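*Asks:* Got a structure here, written out as structure tokens. Questions coming.
Protein chains: 4
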Amino acid sequence: MEGSMDVQSTSTEARAGAGETMKRIAVLTTGGDAPGMNAAIRAVVRTATHQNVEVLGVLHGWSGLIQGELKPLDSRAVSGIINQGGTILKTARCQEFHTEAGQKRAFETVQQYAIDGMVVIGGNGSFVAAHEFYTRYRVSCIGVPATIDNDINGIDMTFGVDTAVNTALHAIDNIRDTSTSMERVFVIEVMGRNTGYIALTVALAGGCEEVIIPERPYDLNAICQDIAEGHARGKASWIIVVAEGAASAVEIARKITAISGRETRHVVLGHIQRGGRPTAFSRELALRLGGEAVHRLLAGEYDKAVGFCDHQVVTVNLEVAIQKKALDVEGIYRLIRILT
Amino acid sequence: MEGSMDVQSTSTEARAGAGETMKRIAVLTTGGDAPGMNAAIRAVVRTATHQNVEVLGVLHGWSGLIQGELKPLDSRAVSGIINQGGTILKTARCQEFHTEAGQKRAFETVQQYAIDGMVVIGGNGSFVAAHEFYTRYRVSCIGVPATIDNDINGIDMTFGVDTAVNTALHAIDNIRDTSTSMERVFVIEVMGRNTGYIALTVALAGGCEEVIIPERPYDLNAICQDIAEGHARGKASWIIVVAEGAASAVEIARKITAISGRETRHVVLGHIQRGGRPTAFSRELALRLGGEAVHRLLAGEYDKAVGFCDHQVVTVNLEVAIQKKALDVEGIYRLIRILT
Amino acid sequence: MEGSMDVQSTSTEARAGAGETMKRIAVLTTGGDAPGMNAAIRAVVRTATHQNVEVLGVLHGWSGLIQGELKPLDSRAVSGIINQGGTILKTARCQEFHTEAGQKRAFETVQQYAIDGMVVIGGNGSFVAAHEFYTRYRVSCIGVPATIDNDINGIDMTFGVDTAVNTALHAIDNIRDTSTSMERVFVIEVMGRNTGYIALTVALAGGCEEVIIPERPYDLNAICQDIAEGHARGKASWIIVVAEGAASAVEIARKITAISGRETRHVVLGHIQRGGRPTAFSRELALRLGGEAVHRLLAGEYDKAVGFCDHQVVTVNLEVAIQKKALDVEGIYRLIRILT
Amino acid sequence: MEGSMDVQSTSTEARAGAGETMKRIAVLTTGGDAPGMNAAIRAVVRTATHQNVEVLGVLHGWSGLIQGELKPLDSRAVSGIINQGGTILKTARCQEFHTEAGQKRAFETVQQYAIDGMVVIGGNGSFVAAHEFYTRYRVSCIGVPATIDNDINGIDMTFGVDTAVNTALHAIDNIRDTSTSMERVFVIEVMGRNTGYIALTVALAGGCEEVIIPERPYDLNAICQDIAEGHARGKASWIIVVAEGAASAVEIARKITAISGRETRHVVLGHIQRGGRPTAFSRELALRLGGEAVHRLLAGEYDKAVGFCDHQVVTVNLEVAIQKKALDVEGIYRLIRILT
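As you go down the protein sequences, you meet chains R, P, B and X in turn. In terms of this note's numbering, the first sequence has 331 at position 331, counting the first letter as 1, and numbering is strictly consecutive. If you want this note's numbering, it's the 1-based position in the second sequence plus 1000. If you want this note's numbering, it's the 1-based position in the third sequence plus 2000. If you want this note's numbering, it's the 1-based position in the fourth sequence plus 3000.
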């Protein structure tokens, strides 16, 4: 991806407004990488190309827009990436873009390259930035929800999350072999930033005994009593899933040992949850949303995110998408407890 | 699972009607096995146990009900099976149950064991049988949709399909390595009985060039012309996915060679798509529907299937569930073609 | 596996000596669990059964021998476990067995159940214990090398290690997606107790830039200089693998940041490396060694471990097997550095 | 990889002889693709570069050498491919190279590009061709054994085979779920050309009941009798593995049904066994042999293949390497039968 910059820059006025016909759009990936980003890039490029719209890929997210790191992407450039994790455009977290000066430089790039609209592939933070960018400079941005955190409001699912959930679940299946064989209490920390979505899903699907998430209070004394009672009935192993947004596995394990006197082990799954070959669902969602984003952008929609809601493609205003997403935890939590 | 039959049989009248309190239910898996069946069994058993309802497991599907192959299942009996493919209760296709004599014998088993209701985990054929059984003998049956074919009408998704799709996709990813390296045309046949759901999904997610499904006509001459044109542009490899319900990969490959003169390879993925460790989504769906089926049955619902529709748990009359499910193929098909 | 103890105990003299015909052997798994243990158990049971020798399974390793937790294992008892991680016999680390009192009680169990010989499936610590047990009580023990640490001297490979290596490698592949996309330095800690075998192998196979192992000194200043030089050439991401026996990933990451000023991320893979479905090679090795152990034991060999050495089955005296195994690191290390 | 040909061709005499210092070598992949080929290419390129030797990549195997499809490969060109299946250099089966005219044209390419030596990554057929090429034109070729068939004589293992074995094993694990649940006889055909290596290994590791390979006769009547006897004992499912070099699964399944009257299912695993992410062992072997091939070539060895034999790197004359490799089947076969 590190080829020379051979994009024709122009000195014409920016055509960043909606309504008129778009000739050139830019695509970037920002924030943490999520499995499916490459599939989304592919869909954006090929859908736009099919509509005779040029695509520029911005490297390194907003930072690359500030620095002018762009390159043209044609159909061939996105061959063979559909099943690759990460992002060929690279990504970065960029503080500078949150300053007025940074956005001004980014806007100068938009003008210089005559970019008519932008597809922003990323998560919550990316959408906050895109909304600011639109608000200040009226650059038509459309968001494609890509994050393993599943924290975009107004839509059902972001596209990296199914892969992350399966990766975490596979890890938990592995750990269960040891937990069962050695009759141990394991505390496993999973990602998800401020939400318990991954934790709740893998705790259910993994047959785990308990889950600790930001969306509901927990009581370590009650958990330890459960363990004691289970032990008395002959139950010998436990897996407790902890969402990173709720607590630290190290801490929880230490406290359980302190309260119960029982040996514990902890595992922090960490960055293995971010990468890897995207699952079918992550790819399907990424491809459909990437294609849809282009159609909506060309149709004059902006300052919105595309997504699925009850199996329908919808757009959600970025202002809404970045609000706290409600997670209905009680039904699942009850099921986890009954199934144990 | 083949322990001796130590269930207390009773001579009391069958309590197969709904409305009164259920004390004992039976669970069986029928038709082709689907990943997640064990998770569903686990959910049925533990949810019922939690409600102080006894559970009998019927071995070998309807056939076991005819033969009286039943065994009690308690919480411990369903430990450690949540991530196992297949079904611990075994399954079978049973012609005898489609006869009056067969159903009569099955009903005698229901009476003998004082079974108040039945959870039937299976696909289309299983639901046809359950509906017949209810119609003739008023045995309260509730269906849990388990099949890789995703052909149950009125609900979004059956629970084995996500696993089957990912298995097929993984196989296609592997084949693409060879297809790209050797610059060949591959024709890959996937399962799905009369529906193109798996084929369409993996063709999209696998970045495949073409897909042949029962839901839409296909034109091999046009496909061969596409290949010729692509070849002229420098495109060197193709993957064509064929749904088993539409055509045979062997046939399609032979015809493409006949028309185009090009060497082809075919692969019939076959039964690898049926087994394997269920994905997170297959397990989640199986667990939630298994639990819900028990709740609905105890609440007096029967002759229905449980399922998700737009993220809500719903019940669908079995008569409706067994109708032909419509699959919206055009949007996805167009996307596949644009993305190529 | 937790059935009632229905083994016929006898008051006859122990027949623990070699040379005479064995009628009943015991098998146990001890120390950390390793993928393939179940395959080894299967091979032990079926090979012995084929020779008309009875097999008792000891639960919970040495601890179960002390407590008298034994159960008969026939061919059917080991069905369907060949591809399962963990161990159906459970395992434990047992301090009591390292005391004279503990071994005395264990020996009483051996006498009580008329056990003629024992197959001990485990790693270094297990072999130390088996050798002590033989030395003190002349119980014929034969060791089957099962550990992910690959630290048994005199043989090529223990049988869990190939699975652990592939699990760690898969995790590293995932992390590389993020490392490349976000252009970060990652420090990844892998298991291996006092040896760098896993670390060295995954660093090579994972295309990692650096590896820190107990077998050779490392210089963080030199590593940071490499990173700086690479960065100047345009290289943007690094993965440094750390063997748990050499250092802590947290510490190494912290120090690299301190020296270089560069942001780092660390991941401790931990217990995901222990479990999971064994690879083909882990199963093959487990099955062959399990079978061979029985043959050797029945042929009067004891106080030894079985293993492969240059593709030949060999036995190694336990005293030798527990010595420090030399690992030829320089060739591989040089290759890792050249390939970067 | 399809960039323009910007290699400096020269009119100087070919320096294809050994002994003098090499300045430029070529690398190609030929025959069927094997997982690890990309890792081997990476090792060849980076090892040569480290020795200040230029590397040209030949596209499409021998065919590309005839057509003059070459491109320079530097260290960066082989980034990020270590874990990719297939080959970035493409491969082909080339009849023309087996003619005198074809080889003459290929030799002209060698002279034109001033190629001092060649690394030939491939299997048996590739080595036959390389040996012919050396014999006729004295082009220094060194072979790197890459094939899933494991049929190179004089060395322990070729580098794609471990991946193919694990892929086939995973498929068999999946099929076992259905075989067990539906109590069926499955016949599964695996690859391996004229050898039974894959079949024998997966039959053992997969806990399969029977295996049919080219290296030993088989008796379908005896197999059907085994099935009948097993059935009488309560055994309900069978998996019979067939090597493609011995028989066709379709045929075997048909005959078993004809003899036994029992329903059977067949699966031909086919090309899924060729691709996919290489396992740790496939990568390690590919990297070590790729590096070693360069060292040997630069040291003046040619007309040989590199390989491991009893954990030592060795070279084997191509004439020997292409002989029929003996496979010791009886020990493994007996074990398979005992373990059933």
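Cβ atoms here follow ideal geometry from the backbone N, Cα and C, with glycine treated the same way. These numbers come from a predicted model, not from an experiment.
Measure how close the beta-carbons of Gly61 of chain R and Leu28 of chain R come, nearest whole angstrom, since I'm counting them as under 8 Å.
*Replies:* Indeed they touch by this definition, with Cβ atoms about 5 Å apart.
*Asks:* Quick one, which residues of the stretch 1288-1302 of chain P are near chain R if we go by CB-CB under 7 Å, in chain order?
*Replies:* If the cut-off is 7 Å between Cβ atoms, the stretch 1288-1302 of chain P has Arg1288 and Gly1291 near chain R.
*Asks:* Would you report the Cα separation of Thr147 of chain R and Leu204 of chain R, rounded to the nearest angstrom?
*Replies:* So the alpha carbons of these two residues sit roughly 21 Å apart.
*Asks:* Determine the extent of the beta strand (DSSP E) in which Met2118 of chain B is found, giving its start and end residues.
*Replies:* That run of the beta strand (DSSP E) goes Gly2117 to Gly2122.
*Asks:* Using a Cβ cut-off of 8 Å (strictly closer), state whether Ala40 of chain R contacts chain B.
*Replies:* Taking Cβ atoms only, chain B never reaches closer than 8 Å to Ala40 of chain R, which makes this a no.
*Asks:* Rounded to the nearest angstrom, what separates Arg2042 of chain B and Leu3327 of chain X at their Cα positions?
*Replies:* Roughly 25 Å between the two C-alpha positions.
*Asks:* Answer with yes or no whether the minimum CB distance from Met2001 of chain B to chain R is below 8 Å.
*Replies:* Because the pLDDT at Met2001 of chain B is just 33, under 50, the model does not fix this residue reliably, and the point stays unresolved.
*Asks:* Is any non-hydrogen atom of the ligand NAD found closer than 7 Å to the C-beta of Leu1169 of chain P, if you look at the structure I gave you?
*Replies:* No copy of the ligand NAD appears in this structure; indeed no ligand is present at all.
*Asks:* With a CB to CB cut of under 6 Å and the five nearest residues on each side skipped, what residues in its chain are close to Val2250 of chain B?
*Replies:* Within the same chain, Val2250 of chain B has close Cβ partners His2266.
*Asks:* Can you give me the C-alpha to C-alpha distance between Asn2153 of chain B and Thr2030 of chain B, rounded to a whole angstrom?
*Replies:* The straight-line gap from Cα to Cα measures roughly 18 Å.
*Asks:* What number of angstroms, rounded off, separates the C-alpha of Val1313 of chain P from the C-alpha of Val2058 of chain B?
*Replies:* Computed Cα separation, rounded: 47 Å.
*Asks:* Quick one: which unbroken alpha helix (DSSP H) runs of 4-plus residues sit fully inside the stretch 2057-2094 of chain B? Chain order, please.
*Replies:* Within the stretch 2057-2094 of chain B, the complete alpha helix (DSSP H) runs of at least 4 residues are 2061-2067.
*Asks:* Which one or two residues does DSSP pair with Pro3145 of chain X in a beta bridge?
*Replies:* Its beta-bridge partners are X:Gly3122.
*Asks:* Which full runs of the alpha helix (DSSP H) of 4+ residues lie inside the stretch 2198-2258 of chain B, going along the chain?
*Replies:* Whole alpha helix (DSSP H) segments, 4+ residues: 2220-2233.
*Asks:* In whole angstroms, what separates the C-alpha of Arg334 of chain R from that of Pro1072 of chain P?
*Replies:* Cα to Cα, Arg334 of chain R sits roughly 25 Å from Pro1072 of chain P.
*Asks:* Work out the CA separation of Ala3305 of chain X and Glu292 of chain R for me, nearest whole Å.
*Replies:* So the two alpha carbons sit approximately 53 Å from each other.
*Asks:* So Ile2240 of chain B packs on Val2187 of chain B, CB below 8 Å; how close in whole Å?
*Replies:* At roughly 5 Å, the Cβ-Cβ gap stays under 8 Å, so Ile2240 of chain B and Val2187 of chain B are in contact.
*Asks:* Whose C-beta lies closer than 7 Å to the C-beta of Thr279 of chain R among residues of the same chain, with five residues either side of it excluded?
*Replies:* Contacts found: Asp162, Thr163 and Asn166.
*Asks:* Taking only beta-carbon positions, decide if Ser2181 of chain B is within less than 8 Å of chain R.
*Replies:* Yes, Ser2181 of chain B counts as interfacial toward chain R.
*Asks:* Which residues mark the beginning and the end of the beta strand (DSSP E) in which Asn1317 of chain P is found?
*Replies:* Counting along the chain, the beta strand (DSSP E) containing Asn1317 of chain P begins and ends at Gln1312 to Asn1317.
*Asks:* Assuming Phe3050 of chain X is part of the alpha helix (DSSP H), what are its boundary residues?
*Replies:* Checking the sequence, you will find His at residue 3050 of chain X rather than Phe. Met3037 to His3050 is the span of the alpha helix (DSSP H), which, as asked, contains His3050 of chain X.
*Asks:* How far does the beta strand (DSSP E) with Arg1265 of chain P in it reach, from first residue to last?
*Replies:* Thr1264 to Val1268 is the span of the beta strand (DSSP E), which, as asked, contains Arg1265 of chain P.
*Asks:* Considering only the alpha carbon of each residue, which of R:Ser179, R:Phe133, R:Leu297 and R:Ser140 lies closest to Thr99 of chain R?
*Replies:* Nearest of R:Ser179, R:Phe133, R:Leu297 and R:Ser140 to Thr99 of chain R, Cα basis: R:Phe133.
*Asks:* Rounded to a whole number of angstroms, what is the C-alpha to C-alpha distance between Ile2338 of chain B and His3050 of chain X?
*Replies:* Cα to Cα, Ile2338 of chain B sits roughly 7 Å from His3050 of chain X.
*Asks:* Does DSSP classify Ile175 of chain R as helix, strand or coil?
*Replies:* Looking at Ile175 of chain R - three-state DSSP - the assignment turns out to be helix.
*Asks:* Count the other C-beta atoms from every protein chain shown that fall within 10 angstroms of the C-beta of Pro1145 of chain P, then say buried if there are 16 or more, exposed otherwise.
*Replies:* Buried is the call here.
*Asks:* Using DSSP bridges, identify the partner residues of Ile25 of chain R.
*Replies:* DSSP output for Ile25 of chain R lists R:Val55 and R:Gly117 as bridge partner(s).
*Asks:* Nearest to Gly64 of chain R by CA position, among R:Ala92, R:Leu169 and R:Ile256, is which residue?
*Replies:* The option with the nearest alpha carbon to Gly64 of chain R is R:Ala92.
*Asks:* Here's a check: name, in chain order, each residue in its chain whose Cβ is nearer than 8 Å to the Cβ of Ile1172 of chain P, leaving out the five neighbours to either side.
*Replies:* Correct list, in chain order: Ile1188, Val1202, Gly1206, Cys1208, Ile1239 and Val1241.
*Asks:* Does any residue of chain P bring its CB to less than 8 Å from the CB of Asn341 of chain R?
*Replies:* Since the first residue of chain R shown is 1 and the last is 340, residue 341 of chain R is not available in this structure.
*Asks:* Specify the secondary structure class of Phe2159 of chain B as computed by DSSP and reduced to three states.
*Replies:* The answer is coil: DSSP assigns Phe2159 of chain B none of H, G, I, E or B.
*Asks:* Mind listing the chain P neighbours of Lys3090 of chain X? Cutoff is C-beta to C-beta under 9 Å, in chain order.
*Replies:* The answer, in chain order, is Thr1180, Ser1181, Met1182, Glu1183 and Ala1236.
*Asks:* Just to confirm, is the Cβ distance from Gly123 of chain R to Gly32 of chain R under 8 Å?
*Replies:* Cβ atoms of Gly123 of chain R and Gly32 of chain R: closer than 8 Å.
*Asks:* Which chain P residues sit within Cβ distance under 7 Å of Thr3087 of chain X?
*Replies:* Simply Ser1181.
*Asks:* Assign Asp2310 of chain B to buried or exposed, taking buried as 16 or more other Cβ atoms, counted over all protein chains shown, within 10 Å of its Cβ.
*Replies:* Result: exposed.
*Asks:* Going by the beta-carbon positions, is the gap between Ile1272 of chain P and Ile3175 of chain X smaller than 8 Å?
*Replies:* Taking 8 Å as the Cβ cut-off, Ile1272 of chain P and Ile3175 of chain X qualify as a contacting pair.
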